[in-house]
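Enquirer: This structure is in structure tokens; I'll ask about it shortly.
Number of protein chains: 2
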Amino acid sequence: MATIAVENYLKRILLLSEGGEEVVPMGALAAALEVVPGTATAMAKALAGEGLLEHQPRIGVRLTARGRRLALNVLRKHRLVETFLVETLKMDWAEVHAEAERLEHAVSDEVLDRIDALLGHPRLDPHGDPIPSRHGRLDSQVYATLATCATGRRLRIVRVTQQSADFLRFAEESGLRPGTELRVDERNLTSGLVILRRNDDSTLALGVAAAGSILVEPRA
Amino acid sequence: MATIAVENYLKRILLLSEGGEEVVPMGALAAALEVVPGTATAMAKALAGEGLLEHQPRIGVRLTARGRRLALNVLRKHRLVETFLVETLKMDWAEVHAEAERLEHAVSDEVLDRIDALLGHPRLDPHGDPIPSRHGRLDSQVYATLATCATGRRLRIVRVTQQSADFLRFAEESGLRPGTELRVDERNLTSGLVILRRNDDSTLALGVAAAGSILVEPRA
DNA sequence: CGGATTATTTTGATTAGTCAAAATAACTGT
DNA sequence: ACAGTTATTTTGACTAATCAAAATAATCCG
Numbered sequence: 004m005a006t007i008a009v010e011n012y013l014k015r016i017l018l019l020s021e022g023g024e025e026v027v028p029m030g031a032l033a034a035a036l037e038v039v040p041g042t043a044t045a046m047a048k049a050l051a052g053e054g055l056l057e058h059q060p061r062i063g064v065r066l067t068a069r070g071r072r073l074a075l076n077v078l079r080k081h082r083l084v085e086t087f088l089v090e091t092l093k094m095d096w097a098e099v100h101a102e103a104e105r106l107e108h109a110v111s112d113e114v115l116d117r118i119d120a121l122l123g124h125p126r127l128d129p130h131g132d133p134i135p136s137r138h139g140r141l142d143s144q145v146y147a148t149l150a151t152c153a154t155g156r157r158l159r160i161v162r163v164t165q166q167s168a169d170f171l172r173f174a175e176e177s178g179l180r181p182g183t184e185l186r187v188d189e190r191n192l193t194s195g196l197v198i199l200r201r202n203d204d205s206t207l208a209l210g211v212a213a214a215g216s217i218l219v220e221p222r223a
Numbered sequence: 004m005a006t007i008a009v010e011n012y013l014k015r016i017l018l019l020s021e022g023g024e025e026v027v028p029m030g031a032l033a034a035a036l037e038v039v040p041g042t043a044t045a046m047a048k049a050l051a052g053e054g055l056l057e058h059q060p061r062i063g064v065r066l067t068a069r070g071r072r073l074a075l076n077v078l079r080k081h082r083l084v085e086t087f088l089v090e091t092l093k094m095d096w097a098e099v100h101a102e103a104e105r106l107e108h109a110v111s112d113e114v115l116d117r118i119d120a121l122l123g124h125p126r127l128d129p130h131g132d133p134i135p136s137r138h139g140r141l142d143s144q145v146y147a148t149l150a151t152c153a154t155g156r157r158l159r160i161v162r163v164t165q166q167s168a169d170f171l172r173f174a175e176e177s178g179l180r181p182g183t184e185l186r187v188d189e190r191n192l193t194s195g196l197v198i199l200r201r202n203d204d205s206t207l208a209l210g211v212a213a214a215g216s217i218l219v220e221p222r223a
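Chains as they are written, first to last, in the working numbering: chain A, 4 to 223; chain B, 4 to 223.
Encoded structure:
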């Protein structure tokens, strides 16, 4: 059985590699997992030995089919658990990430299937992140962000990447949830400011970094 | 934070010591945790250093107040999770023990409180085991068992200790659940046999060991 | 009492995961 | 092209948890 650390490495590589296809450099992986680079290298070699990823020395790692399958299963657990915590236990979406980070390693496939059924087989978690299917299909549509989309157009928020509790609390208070409609009034890359306008005509300023973590689609 | 291993040691000591009061010998502890005795000794010394238990060399261990508090919290998680799995997710009571064994270490106090509320603050888990209160009170009434009670009297099953899936499946099929009413027709300690009679007059034979894990009270 | 049995502790190794810091390779820009 | 910077790997050490097997203490009985 994969240990918790192994599951975390695989999941993180999946998230850093646009669905497991791209090569992830060791530095990025180590930083994301908050370990020193040498630790990531050591683990990469071990996981390569297990056939869960390919390690191209001095370049990075890429998941094998088996590694990807495992990683998707962990991600599915994470996102379904988050959905469960919000929908069933009525927790705040800012808190659920940390909880799911532990629960994803303790929930069996059996329990997960029942949670999935209880929730009515959701396809998106509370942040709008797609939930991988039981058999490893992951909807990874590429969306524009508030930092990159055209200004002036009517938009709908589809997803809020960035899981920090602080940011999510701020987003909640500011009405920036999946489903919210708005548009970008103005964007100034020099000052790093993005000005949003809500449907009620109120405005809100955001830094580009924050704006980049909010994915949007043109309003239908 | 206590590691998973530490939580398991504390919980096991609690269960082996009638609520944390009695001294548990190392052999019993090691056997229950399926580790070699030396391992249990090593851990006992470490936990004594942490102030979670007292280690009386060559005698055994006893929980301190702090150790007991921690152990009760783990046990509360275990039993509430089991209840949740049966009540909310409709799992079979034979499966839930193994699941709870992992989940008890991943569920936060926050999530637990919400599960507790969702279930309506149950006092017993699906096996009839008492659920410790949030502040560490544990109802530990002493019951007779089918191996020790008087024969002939009308009884009600209150609790099924013994968590193995095999046994629980058998109990389920035989109608031996908490709440079931029956009596002991006959008990032969030489042959090790206990003969039960259900309310519909059907009978069932059980070994004394199995009978000892079914707790009963006189029918009201 | 004292030898045999049984329980417990000690000692020495092992594994997984980690860090610190030295060594090495690759890339960058003039 | 080469010196400097940056990224990666290697090496050596540490911690938590475990096992195997030797050493030691306690208990039981004839």
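Backbone N, C-alpha and C fix where the C-beta goes; we use that ideal spot for every residue, glycine too.
Which chain A residues are close to residue 2 (chain B), counting only those with a beta carbon under 9 angstroms from its beta carbon?
Expert: Look at the range of chain B in this structure, 4 to 223, and you will see that residue 2 (chain B) is not part of it.
Enquirer: At least one CB of chain B closer than 7 angstroms to the CB of residue 85 (chain A): is that the case?
Expert: Numbered from its first residue, the first sequence carries residue 85 (chain A) at position 82. Not one chain B Cβ lies under 7 angstroms of residue 85 (chain A).
Enquirer: Do the region 22-42 of chain B and the region 200-218 of chain A make contact, defined as three or more Cβ pairs closer than 8 angstroms?
Expert: Judged by Cβ distances under 8 angstroms, the region 22-42 of chain B makes no contact with the region 200-218 of chain A, as fewer than three pairs qualify.
Enquirer: Quick check: what's the CA-CA separation for residue 48 (chain A) versus residue 73 (chain B)?
Expert: The count along the first sequence starts at 1 and reaches residue 48 (chain A) at position 45. The count along the second sequence starts at 1 and reaches residue 73 (chain B) at position 70. Roughly 38 angstroms between the two C-alpha positions.
Enquirer: Drop a sphere of 10 angstroms on the beta-carbon of residue 95 (chain B), count the other beta-carbons inside from all chains shown, and report buried for 16 or more, exposed for fewer.
Expert: Mapped onto the second sequence, residue 95 (chain B) falls at position 92. By the 10 Å Cβ count, residue 95 (chain B) comes out exposed.
Enquirer: How is the alpha helix (DSSP H) around residue 10 (chain A) delimited, first residue to last?
Expert: Taking the first sequence and counting its residues from 1, the one referred to as residue 10 (chain A) is at position 7. Taken as a continuous stretch (DSSP letters only), the alpha helix (DSSP H) holding residue 10 (chain A) covers 7-19.
Enquirer: Quick one: list the residues of chain B neighbouring residue 109 (chain A), beta-carbon separation under 9 angstroms, in chain order.
Expert: Here residue 109 (chain A) is taken as the residue at index 106 of the first sequence, counted from 1. Within 9 angstroms of the CB of residue 109 (chain A), the CB atoms of chain B belong to 102, 105, 106, 107, 108, 109, 110, in sequence order along the chain.
Enquirer: Okay, do the region 114-125 of chain A and the region 76-87 of chain A touch, 3+ Cβ pairs below 8 angstroms being the bar?
Expert: Touching, yes.
Enquirer: List the residues of chain A whose Cβ lies closer than 8 angstroms to the Cβ of residue 94 (chain B), in chain order.
Expert: Mapped onto the second sequence, residue 94 (chain B) falls at position 91. Near residue 94 (chain B) (Cβ distances below 8 angstroms), the residues of chain A are 113, 114, 117.
Enquirer: Can you give me the start and stop residues for the alpha helix (DSSP H) that residue 81 (chain B) sits inside?
Expert: Locating residue 81 (chain B) in the second sequence gives position 78, counting from the first residue. Element bounds for residue 81 (chain B): 68-90.
Enquirer: What does the alpha-carbon distance come out to for the pair residue 197 (chain B) and residue 217 (chain B)?
Expert: For the purposes of this step, residue 197 (chain B) is identified with residue 194 of the second sequence, where counting begins at 1. For the purposes of this step, residue 217 (chain B) is identified with residue 214 of the second sequence, where counting begins at 1. Taking the straight line joining both Cα atoms gives about 12 angstroms.
Enquirer: Give the DSSP bridge partners of residue 191 (chain B), in chain order.
Expert: Along the second sequence, one-based indexing puts residue 191 (chain B) at 188. Bridge partners of residue 191 (chain B): B:196.
Enquirer: DSSP beta-bridge partners for residue 221 (chain A)?
Expert: Numbered from its first residue, the first sequence carries residue 221 (chain A) at position 218. Answer by DSSP bridge pairing, in chain order: A:158.
Enquirer: Taking only three categories from DSSP, how would you classify residue 137 (chain A)?
Expert: Start at 1 with the first residue of the first sequence, and residue 137 (chain A) comes out as number 134. Three-state result, residue 137 (chain A): coil.
Enquirer: Pull up the distance between the alpha-carbon of residue 151 (chain A) and that of residue 133 (chain A), whole angstroms please.
Expert: Here residue 151 (chain A) refers to the residue found at position 148 when the first sequence is read from its first residue. Here residue 133 (chain A) refers to the residue found at position 130 when the first sequence is read from its first residue. Answer to the nearest angstrom: the Cα atoms are 21 angstroms apart.
Enquirer: What does residue 121 (chain A) reach in chain B if we use C-beta pairs closer than 8 angstroms?
Expert: By 1-based counting over the first sequence, the position of residue 121 (chain A) is 118. Within chain B, 91, 92 have C-beta atoms less than 8 angstroms from the C-beta of residue 121 (chain A), given in sequence order.
Enquirer: Is it buried or exposed, residue 161 (chain A), if we count other Cβ atoms within 10 angstroms and call 16 or more buried?
Expert: As a position in the first sequence, residue 161 (chain A) is number 158, starting the count at 1. So residue 161 (chain A) ends up on the buried side.
Enquirer: Would you kindly work out how many angstroms separate the C-alpha atoms of residue 114 (chain B) and residue 138 (chain B), rounded to a whole number?
Expert: Position 111 of the second sequence holds residue 114 (chain B). Position 135 of the second sequence holds residue 138 (chain B). Distance between the alpha carbons of residue 114 (chain B) and residue 138 (chain B) is about 16 angstroms.
Enquirer: For residue 81 (chain A) versus residue 53 (chain A), is the C-beta distance shorter than 7 angstroms?
Expert: As a working mapping, residue 81 (chain A) is identified with position 78 in the first sequence. As a working mapping, residue 53 (chain A) is identified with position 50 in the first sequence. No; because the gap between Cβ atoms is not below 7 angstroms, this pair is not in contact.
Enquirer: How many angstroms separate the CA atom of residue 36 (chain A) from the CA atom of residue 16 (chain A)?
Expert: As a first step, residue 36 (chain A) must be located in the first sequence, where it is residue number 33. As a first step, residue 16 (chain A) must be located in the first sequence, where it is residue number 13. Residue 36 (chain A) and residue 16 (chain A) have their C-alpha atoms some 10 angstroms from each other.
Enquirer: Apply the 10 Å Cβ neighbour rule to residue 135 (chain B) and answer buried if 16 or more other Cβ atoms are within range, or exposed otherwise.
Expert: The sequence position of residue 135 (chain B) within the second sequence is 132, counting from 1. Using a 10 angstroms sphere on the CB of residue 135 (chain B), the tally of other CB atoms reaches 16 or more, which defines it as buried.
Enquirer: Per DSSP, which residues does residue 65 (chain A) bridge with? Please list them.
Expert: Locating residue 65 (chain A) in the first sequence gives position 62, counting from the first residue. BP columns for residue 65 (chain A) point to A:57.
Enquirer: Closest to residue 22 (chain A) by C-alpha separation, out of A:221, A:76, A:213, A:99, would be which residue?
Expert: Taking the first sequence and counting its residues from 1, the one referred to as residue 22 (chain A) is at position 19. Cα-wise, what sits closest to residue 22 (chain A) is A:76.
Enquirer: Could you check whether residue 14 (chain B) and residue 55 (chain B) sit closer than 7 angstroms to each other, using their CB atoms as the reference points?
Expert: Here residue 55 (chain B) refers to the residue found at position 52 when the second sequence is read from its first residue. Here residue 14 (chain B) refers to the residue found at position 11 when the second sequence is read from its first residue. If you check the CB distance, residue 55 (chain B) and residue 14 (chain B) do not come in under 7 angstroms.
Enquirer: By alpha-carbon positions, which one of B:44, B:168, B:201, B:192 ends up nearest to residue 183 (chain B)?
Expert: As a first step, residue 183 (chain B) is located in the second sequence; it is residue number 180 there, counting from the start. Among B:44, B:168, B:201, B:192, the Cα nearest to that of residue 183 (chain B) is on B:201.
Enquirer: Considering only C-alpha positions, which residue in the set A:99, A:219, A:186 is nearest to residue 144 (chain A)?
Expert: Start at 1 with the first residue of the first sequence, and residue 144 (chain A) comes out as number 141. Closest by alpha carbon: A:219.
Enquirer: According to DSSP, is residue 99 (chain B) part of a helix, a strand, or is it coil?
Expert: The residue you call residue 99 (chain B) lines up with position 96 of the second sequence. Looking at residue 99 (chain B) - three-state DSSP - the assignment turns out to be helix.
Enquirer: For residue 208 (chain A), report the span of its beta strand (DSSP E) as first-last.
Expert: Translated into positions along the first sequence, residue 208 (chain A) becomes position 205. Per DSSP, the unbroken beta strand (DSSP E) holding residue 208 (chain A) starts and ends at 206-210.
Enquirer: Compare the C-alpha of residue 194 (chain B) against each of B:122, B:126, B:212 and name the closest.
Expert: As a working mapping, residue 194 (chain B) is identified with position 191 in the second sequence. That would be B:212, whose Cα lies nearest to the Cα of residue 194 (chain B).
Enquirer: Excluding the five sequence neighbours on either side, which residues of its own chain have a C-beta within less than 8 angstroms of the C-beta of residue 50 (chain A), listed in chain order?
Expert: One-based indexing of the first sequence puts residue 50 (chain A) at position 47. Result list for residue 50 (chain A): 9, 12, 13, 56, 58, 64, 70, in chain order.
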